[in-house]
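Peer 1: Here it is: the structure, laid out below.
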Amino acid sequence: MNIGDYVVRLSYNKDIIFRIIDIDNGIAHLKGISYRIIADAPLHDIQLATLMRSAENAIMELVQKNIASILEEHQHEKYNGLQKVVKVLHIDGDAFYMNICLHYYKLLGVSAIGENVKEVEQPQKVKELILKHNPDILVLTGHDAIFKKYPNRTHLDGYRNSKYYVEAVKEARKLRPTSQQLVIYAGACQSHFEELLQAGADYASSPSRVLIHALDPPFIVERIAHCPFNEVLTIENALKYTITRFEGLGGYETYGKLRKGGPDTKLGEEQMIYNPHPPLVNSMEKSIMGDNTKPSAKGKNIDTENNLETGILLTANNNEDLQQNLEERLVRTHSDYERNFLGNSCPSRTSLK
């Protein structure tokens, strides 16, 4: 066995595919591919995953189906006018999973910024990052687990990182006390669900103390970001496209974050032309000013990514690229998954705008 190999654990009935991230004195340190799990296993307990497991394959097919359904919904709800960009701050203790999430945020039409911050440091840094990015939605995640030596699941000391997520949520609420100001998702695999909600999170993991899927946070965030601000997002709708559903995730009803506006500033399919003189409303004004007013400058095509900096999203021509070649953009096989995410190094901080 070598570092970088994809393996399964024999003692766990080969349930999850892992990647070997280190080997030390006959012990392999493993990281889950689809699930947010870090584990150790003796070398004699693992074997190479030569073929994609049927369970993993079924999950990827579900991911593809969900993405297709979401983008179809976006197309039906297409609004040819101004929309305020919903900003997401994704704070993650693991850069690998953070980059997977950022890829899918972008695919799902969500503007997200990622910050790789270790779980233990999140309570100290969350307020600074909120002030820096001013998000509408905050994600606090990374790794977590229940310690076997603590059979009492009600105590925070029985969890690897839940106490850090709880403190980070509390710090965030000192700046943004309500969900109208900031919607918060917090937690990772087997996290203390009840304590996270008590601390002020709107959504959290894990009610049944199960492993959560790497894409569960993006699927929740997409629902919040595309729900109008004056409509209640039911918990059923919030979890509609998640992988672990009510076993891995839960929370409260919230209002959405999407805001539509106007006027529609679209002047043409190809160009946006700035006219310093608004249209004349009557012949008297026309006679005074004359007919010499001309556009002063021609602008470039305006698309989604170029406008995220301004906080305003012009959606008139934005969805074509997102909808075009959808089949090509979905991750269809495990080899595609590896090439997209595992073959590239993960920077400590990634920003998608």
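Residue numbers in the sequence shown follow the numbering used here, run continuously in steps of one, and reach 350 at the last position.
Note that beta-carbon positions come from the ideal geometry of N, C-alpha and C, so glycine has one too.
Could you compute how far the alpha carbon of Arg242 sits from the alpha carbon of Leu236?
Peer 2: What you label residue 242 is simply residue 245 of the sequence shown in a count that begins at 1. What you label residue 236 is simply residue 239 of the sequence shown in a count that begins at 1. Straight-line Cα distance between these residues: approximately 6 Å.
Peer 1: Could you give the uninterrupted runs of the beta strand (DSSP E) lying entirely in the region 23 to 92, keeping only those of 3 residues or more?
Peer 2: If we require 3 residues or more, the beta strand (DSSP E) runs fully inside the region 23 to 92 come out as 24 to 29, 35 to 39, 43 to 45, 79 to 81, 84 to 89.
Peer 1: Run the CB neighbour count on Arg6, radius 10 Å, all protein chains shown included, and call it buried at 16 or more, exposed below.
Peer 2: Working through the sequence shown from its first residue, we reach residue 6 at position 9. Result: buried.
Peer 1: Roughly how many whole angstroms lie between the Cα atoms of Glu168 and Asp199?
Peer 2: Translated into positions along the sequence shown, residue 168 becomes position 171. Translated into positions along the sequence shown, residue 199 becomes position 202. Approximately 14 Å between the Cα atoms of the pair.
Peer 1: CA-CA distance, Tyr94 and Leu27?
Peer 2: Along the sequence shown, read from residue 1 onward, the residue named residue 94 stands at position 97. Along the sequence shown, read from residue 1 onward, the residue named residue 27 stands at position 30. Using only the alpha carbons, I get a separation of about 14 Å.
Peer 1: State the start and end residues of the unbroken alpha helix (DSSP H) segment that holds Ile232.
Peer 2: As a position in the sequence shown, residue 232 is number 235, starting the count at 1. Counting along the chain, the alpha helix (DSSP H) containing Ile232 begins and ends at 232 to 235.
Peer 1: Thinking just about the alpha-carbon of each residue, which of Ile217, Gly245, Leu153 is nearest to the one in Gly253?
Peer 2: Reading the sequence shown from its first residue, position 256 is the one you call residue 253. That would be Ile217, whose Cα lies nearest to the Cα of Gly253.
Peer 1: Assuming Gly258 is part of the beta strand (DSSP E), what are its boundary residues?
Peer 2: Locating residue 258 in the sequence shown gives position 261, counting from the first residue. It spans 256 to 258 - the beta strand (DSSP E) in which Gly258 sits, taken as one unbroken run.
Peer 1: With burial defined as no fewer than 16 other Cβ atoms inside 10 Å of the residue's Cβ, what is the status of Gly29: buried or exposed?
Peer 2: Within the sequence shown, numbered from 1, the residue matching residue 29 stands at position 32. Looking at its Cβ environment, which holds 16 or more other Cβ atoms inside 10 Å, Gly29 is buried.
Peer 1: If you reduce the DSSP assignment to three classes, tell me which class Glu118 lands in.
Peer 2: Taking the first residue of the sequence shown as 1, we reach residue 118 at position 121. Glu118: helix per DSSP, three-state reduction.
Peer 1: Grab me the residues of Leu59's own chain with a C-beta within less than 8 Å of its C-beta, minus the 5 sequence neighbours each way, in chain order.
Peer 2: As a working mapping, residue 59 is identified with position 62 in the sequence shown. So the list reads Ile240, once near-sequence residues are dropped.
Peer 1: For the region 157 to 225, list the alpha helix (DSSP H) runs that are entirely contained and at least 4 residues long, ordered along the chain.
Peer 2: DSSP runs (the alpha helix (DSSP H)) wholly in the region 157 to 225: 159 to 172, 190 to 196, 213 to 222.
Peer 1: So, at 8 Å on beta carbons, what are the nonlocal neighbours of Cys186 in its own chain, with the 5 sequence-adjacent residues on each side left out?
Peer 2: By 1-based counting over the sequence shown, the position of residue 186 is 189. Tyr32, Arg33, Ile34, His140, Asp141, Ala142, Ser202, Ser203, Val207, Leu208, Ile209.
Peer 1: Going by CA-CA distance only, name the one from Ile64, Ile110, Val114, Tyr76 that's closest to Leu104.
Peer 2: Locating residue 104 in the sequence shown gives position 107, where the first residue counts as 1. Among Ile64, Ile110, Val114, Tyr76, the Cα nearest to that of Leu104 belongs to Ile64.
Peer 1: Taking the alpha carbon of Arg16 as the point to measure from, which residue in Ala38, Ser8, Ile221, Gln80 has its own alpha carbon closest?
Peer 2: Residue mapping note: residue 16 aligns to position 19 of the sequence shown, counting from 1. When only C-alpha atoms are compared, the closest one is Ala38.
Peer 1: Would you say Lys122 and Val114 are within 8 Å of each other, going by their C-beta atoms?
Peer 2: For the purposes of this step, residue 122 is taken as the residue at position 125 of the sequence shown. For the purposes of this step, residue 114 is taken as the residue at position 117 of the sequence shown. Contact: yes.
Peer 1: Is the Cβ-Cβ distance between Val229 and Glu244 less than 8 Å?
Peer 2: Locating residue 229 in the sequence shown gives position 232, where the first residue counts as 1. Locating residue 244 in the sequence shown gives position 247, where the first residue counts as 1. Contact: no.
Peer 1: Please determine, among Asn234, Phe144, Pro132, Val166, the residue with the shortest C-alpha to C-alpha distance to Tyr156.
Peer 2: Position 159 of the sequence shown, counted from the start, is the residue given in the question as residue 156. When only C-alpha atoms are compared, the closest one is Phe144.
Peer 1: Given this structure, state the Cα-to-Cα distance separating Leu40 from Val83, to the nearest angstrom.
Peer 2: In the sequence shown, counting from the first residue as 1, residue 40 sits at position 43. In the sequence shown, counting from the first residue as 1, residue 83 sits at position 86. Near 46 Å, if we compare the C-alpha coordinates of Val83 and Leu40.
Peer 1: Taking all protein chains shown into account, do 16 or more other C-beta atoms lie within 10 angstroms of the C-beta of Leu212, making it buried, or fewer, making it exposed?
Peer 2: On the sequence shown, position 215 is the one that residue 212 refers to. Flag for Leu212 reads buried.
Peer 1: Are the beta-carbon atoms belonging to Tyr182 and Val136 less than 8 Å from one another?
Peer 2: For the purposes of this step, residue 182 is taken as the residue at position 185 of the sequence shown. For the purposes of this step, residue 136 is taken as the residue at position 139 of the sequence shown. Yes, they are a contact pair.
Peer 1: Give me, in chain order, the residues of the same chain whose beta-carbon lies closer than 7 Å to that of Arg170; leave out the 5 immediate sequence neighbours on both sides.
Peer 2: Residue 170 sits at position 173 when you count from the first residue of the sequence shown. These residues qualify, in order along the chain: Gly197.
Peer 1: Given a cut-off of 8 Å, decide if Ala46 and Ile14 are closer than it, judged by their beta-carbon atoms.
Peer 2: Position 17 of the sequence shown, counted from the start, is the residue given in the question as residue 14. Position 49 of the sequence shown, counted from the start, is the residue given in the question as residue 46. Taking 8 Å as the Cβ cut-off, Ile14 and Ala46 qualify as a contacting pair.
Peer 1: Under a Cβ-count criterion, where at least 16 other Cβ atoms within 10 Å of its own Cβ denotes burial, should Tyr147 be classed as buried or exposed?
Peer 2: For the purposes of this step, residue 147 is taken as the residue at position 150 of the sequence shown. With fewer than 16 Cβ atoms within 10 Å of its Cβ, Tyr147 is classed as exposed.
Peer 1: Would you mind reading off the limits of the alpha helix (DSSP H) that contains Gly245?
Peer 2: Stepping through the sequence shown from its first residue, residue 245 is reached at position 248. Run containing Gly245: 242 to 245, per the alpha helix (DSSP H) assignment.
Peer 1: Can Tyr162 and Ser188 be called in contact, C-beta distance under 8 Å?
Peer 2: Counting from one through the sequence shown, the residue named residue 162 turns up at place 165. Counting from one through the sequence shown, the residue named residue 188 turns up at place 191. Result yes, Cβ atoms of Tyr162 and Ser188 sit closer than 8 Å.
Peer 1: DSSP on Gly139, reduced to helix/strand/coil?
Peer 2: The residue you call residue 139 lines up with position 142 of the sequence shown. Reduced to three states, the DSSP call for Gly139 is coil.
Peer 1: If distances are taken between C-alpha atoms only, which option among His71, Ile88, Gly248 comes closest to Ile232?
Peer 2: Numbered from 1 along the sequence shown, position 235 holds the residue referred to as residue 232. It is Gly248.
Peer 1: Out of His223, Arg256, Ser159, state which residue places its alpha-carbon closest to the alpha-carbon of Glu69.
Peer 2: One-based indexing of the sequence shown puts residue 69 at position 72. Out of His223, Arg256, Ser159, His223 has the C-alpha closest to the C-alpha of Glu69.
Peer 1: In the DSSP assignment, the beta strand (DSSP E) including Tyr3 goes from what residue to what residue?
Peer 2: Here residue 3 refers to the residue found at position 6 of the sequence shown. 3 to 6 is the span of the beta strand (DSSP E), which, as asked, contains Tyr3.
Peer 1: In three-state terms, what does DSSP make of Glu250?
Peer 2: One-based indexing of the sequence shown puts residue 250 at position 253. The answer is coil: DSSP assigns Glu250 none of H, G, I, E or B.
Peer 1: Do you know offhand how far Val166's Cα is from Gly184's?
Peer 2: Walking along the sequence shown from the start, residue 166 turns up at place 169. Walking along the sequence shown from the start, residue 184 turns up at place 187. Rounded to the nearest angstrom, the two C-alpha atoms are 10 Å apart.
Peer 1: Enumerate in chain order the residues of its own chain whose CB-to-CB distance from Leu126 is below 7 Å, with the five nearest sequence positions on each side excluded.
Peer 2: Here residue 126 refers to the residue found at position 129 of the sequence shown. Excluding sequence neighbours, Leu126 sits near Leu86, Ile88, Glu112.
Peer 1: What are the partner residues of Arg16, as DSSP defines its beta bridges?
Peer 2: Here residue 16 is taken as the residue at index 19 of the sequence shown, counted from 1. Answer is Tyr3, Lys28, bridged to Arg16.
Peer 1: Look at the alpha carbon of Pro120 and the alpha carbon of Ser159, and state the distance between them as a whole number of angstroms.
Peer 2: The residue given as residue 120 occupies position 123 in the sequence shown. The residue given as residue 159 occupies position 162 in the sequence shown. The straight-line gap from Cα to Cα measures roughly 11 Å.
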